[in-house]
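Chemist: So for the sequence shown, full-length UniProt numbering puts the first residue at 242; every next one is plus one. What follows is a structure written as structure tokens; I'll ask about it next.
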Amino acid sequence: KKGGFRFYMEKEIYEQFDILKETILGRNTEDGIKFDEVDKSFFNGINNIIISACGTSYHAGLVGKYLIERNAKIRVDVEVASELRYRNPLLTKDTLFIVISQSGETADTLETLKMAKEAGLKTLALCNVDNSSIVRVADKTILLRAGIEKGVASTKAFATQVMTLWMLSNYLGDINEYEAINSAIEATKVDTALHEKIKRLSKRYLHGHGFFFIGRDIFFPLALEGALKLKEISYIHAEGYPAGEMKHGPIALADPELFVVALLSKNILYEKTKSNIEELVARDATVLTISSEFIEMTDDFVKIKNSNHPMIEFFEMMVITQLLALEVAVRMGNDVDMPRNLAKSVTVE
Ligand code: M6R
């Protein structure tokens, strides 16, 4: 059932190329984005958006904030559902309430959705499981079409969440990134030579005092997600951090035993991120850079294809961070699909 792969998670990483084609089918058209599930009029009168989610789905929501604010010029707040739920938030009727969930059963996310509905907000779910609790409560649902995800560490569902938010940002902003969307999907094809390289590299990253994943803009939430993947299955401490924020504290941790995975986009804030990497190298941190632009100074370098769109870089880097987490965990001898202390869906508080 794992189709020759060692773990479901590995299979799901490799599946992303095909899955994403499903996610955009009939939606990404040459004439722009179409969603059969929601009529444009549903969005009338919306002045801002709140996104509520947990874990990986929350990270996808953060990417969505950058994309929707940039492409559709609508203000977006992204909230961790377990916080939003208990803080009596200010909910106004001109706000669209979006929940993101793979399972559709996450208790905290579901409760925030009910709360928003009671307050009279329009609600939209981005969800992978039809007829789940969240889908039944939300006014409208856009299904993610990721298929069943078995690995406790979410990979392909995250890919479909980000893709759906990207399409939504095009839809709301009336812009057309048809070609870029198709190219981003191409970028998720796993290159076996690259996978082998990551397998080899992973050896170096086992015995330190922890990881930082750093990036700017959309690569900051990707850094958060890369760190979450690694800690879930390798049990090594990892943090995602905005690259420009390292100097405000965490850089104090830098020494050769501090591992840094730097997401260096050619298209967004390249020079600024590069100088953040330089600062870490100067303080002897062990740095692995992922970029299309070769930089000599870091200990390791994984090259992505040269592209002019940050979302294409995003999807290629996403796969690399997933493979890195996988290979570090495998070297640690862990059961990648059944990490200790975790359940696939969190239906309790
Ligand atoms: O099913 P959901 O998307 O609502 O689940 C949310 C989180 O529990 C989930 O993303 C969790 O963080 C995963 N283990 C991440 O890999």
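Glycine included, every Cβ here is placed at the ideal spot set by N, Cα and C. Model, not experiment: these values are computed from the prediction.
If you drop the 5 nearest sequence neighbours on each side, which residues of the same chain put their C-beta closer than 8 angstroms to that of K430?
Modeler: Counting from 1 along the sequence shown, the entry for residue 430 is found at position 189. Within the same chain, K430 has close Cβ partners F258.
Chemist: Which residues does DSSP pair with F452 in a beta bridge?
Modeler: For the purposes of this step, residue 452 is taken as residue 211 along the sequence shown, with counting starting at 1. Per DSSP, A479, F500.
Chemist: Leaving out five residues on either side along the sequence, give the residues of the same chain with a beta carbon under 7 angstroms from the beta carbon of Y412.
Modeler: Here the question's residue 412 lines up with position 171 in the sequence shown. I274, F276.
Chemist: Report the rounded CA-to-CA distance for M538 versus R326, giving the unit in angstroms.
Modeler: Counted from its first residue, the sequence shown places residue 538 at position 297. Counted from its first residue, the sequence shown places residue 326 at position 85. Approximately 45 angstroms, taken between the alpha carbons.
Chemist: Check whether the Cβ of V393 sits closer than 7 angstroms to any heavy atom of the ligand M6R, and report yes or no.
Modeler: Mapped onto the sequence shown, residue 393 falls at position 152. Checking every heavy atom of the ligand M6R against the Cβ of V393, one is found closer than 7 angstroms.
Chemist: For E278 and T382, what's the separation of their Cα atoms in angstroms?
Modeler: The count along the sequence shown starts at 1 and reaches residue 278 at position 37. The count along the sequence shown starts at 1 and reaches residue 382 at position 141. Taking the straight line joining both Cα atoms gives about 7 angstroms.
Chemist: With distances taken Cα to Cα, identify the nearest neighbour of L409 among G302, F555, R524.
Modeler: Here residue 409 refers to the residue found at position 168 when the sequence shown is read from its first residue. The shortest C-alpha separation from L409 is found at G302.
Chemist: Using CA atoms only, rank isn't needed, just tell me which of I260, E534, D541 is closest to E390.
Modeler: The residue you call residue 390 lines up with position 149 of the sequence shown. Taking only the C-alpha atoms, the option nearest E390 is I260.
Chemist: Tell me whether the beta-carbon of I561 lies closer than 8 angstroms to the beta-carbon of V543.
Modeler: Mapped onto the sequence shown, residue 561 falls at position 320. Mapped onto the sequence shown, residue 543 falls at position 302. Against a cut-off of 8 angstroms, the Cβ pair of V543 and I561 comes out as a contact.
Chemist: Would DSSP call K544 helix, strand or coil?
Modeler: The residue you call residue 544 lines up with position 303 of the sequence shown. Strand.
Chemist: Do the region 436-450 and the region 458-467 meet, that is, are 3 or more Cβ pairs less than 8 angstroms apart?
Modeler: Counting Cβ pairs under 8 angstroms, fewer than three are found: no touch.
Chemist: Which residue or residues does DSSP assign as beta-bridge partners of F338?
Modeler: Here residue 338 is taken as the residue at index 97 of the sequence shown, counted from 1. Paired residues: I291, T364.
Chemist: List the whole-angstrom C-beta distance separating V317 from I292, where the pair is believed to meet the contact cut-off of C-beta under 8 angstroms.
Modeler: Here the question's residue 317 lines up with position 76 in the sequence shown. Here the question's residue 292 lines up with position 51 in the sequence shown. Sure, about 6 angstroms apart at Cβ, within 8 angstroms.
Chemist: Apart from the five residues on each side of it in sequence, which residues of its chain come closer than 6 angstroms, Cβ to Cβ, to D541?
Modeler: Position 300 of the sequence shown holds residue 541. Once the five neighbours on either side are set aside, the close Cβ partners of D541 are L442, L529.
Chemist: Which one of E310, A398, L354 has the shortest CA to CA distance from Y255?
Modeler: Within the sequence shown, numbered from 1, the residue matching residue 255 stands at position 14. Answer by Cα proximity: A398.
Chemist: For the putative contact between A570 and I474, defined by C-beta atoms under 8 angstroms, what is the C-beta separation to the nearest angstrom?
Modeler: Taking the sequence shown and counting its residues from 1, the one referred to as residue 570 is at position 329. Taking the sequence shown and counting its residues from 1, the one referred to as residue 474 is at position 233. Right, the Cβ-Cβ distance comes to about 4 angstroms (below 8 angstroms), so this counts as a contact.
Chemist: Relative to the C-alpha of G296, which candidate in S395, E486, Y419 has its C-alpha closest?
Modeler: As a first step, residue 296 must be located in the sequence shown, where it is residue number 55. G296 has its Cα closest to that of S395, out of S395, E486, Y419.
Chemist: State the Cα-Cα distance for the pair I341 and N329, rounded to the nearest angstrom.
Modeler: In the sequence shown, the residue the question calls residue 341 occupies position 100. In the sequence shown, the residue the question calls residue 329 occupies position 88. The straight-line gap from Cα to Cα measures roughly 20 angstroms.
Chemist: Indicate, with yes or no, if the ligand M6R has a heavy atom lying under 7 angstroms from the CB of G305.
Modeler: Looking up residue 305 in the sequence shown gives position 64. No, Cβ of G305 sits at least 7 angstroms from all heavy atoms of the ligand M6R.
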